[in-house]
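**Student:**
Numbering (the working numbering), first residue to last: 6 to 131.
#1: Can you give me the Cβ contacts of residue 92 inside the same chain, cut-off strictly under 6 angstroms, excluding the 5 residues immediately before and after it?
#2: Tell me the DSSP secondary structure of residue 79 in three-state form.
#3: Considering residue 64, what are the terminal residues of the beta strand (DSSP E) in which it resides?
#4: Between residue 88 and the rest of its own chain, which residues show a CB-CB distance below 8 angstroms, the 5 nearest in sequence each way excluded?
#5: Could you tell me if residue 118 is buried or exposed, where buried requires 16 or more neighbouring beta carbons within 10 angstroms of its beta carbon?
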């Protein structure tokens, strides 16, 4: 008798203007997630609407549409408002973290971080 329960791999969208950061995250997370990439806030929004991921890892400091504005837009768009967002940033002041939560993120992880700490945050919001 075979089980009809499928264990679907969760889809994770990494949003970072630095491709190298994506490559590092993909190497660390590909065994647990189906990892895709967006290089800007605009491409994140387009990708998340076209093919909604289960979770978004969102860099804060990006040219153009920064992580805070991207998160606000995600949370105000019907197709993406329920997707958990984990902000990833080198900005560690309490006011920066609060700005992330005010924008609608579900968790805020400060760089540098361990993969274990990142996975812990991801698992709390997915």
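The beta carbon of each residue, even a glycine, is placed where N, CA and C say it ideally should be.
**Tutor:** Reading off the structure:
#1: 63, 65, 72, 105, 110, 113
#2: helix
#3: 60 to 64
#4: 53, 57, 58, 59, 60, 61, 79
#5: exposed
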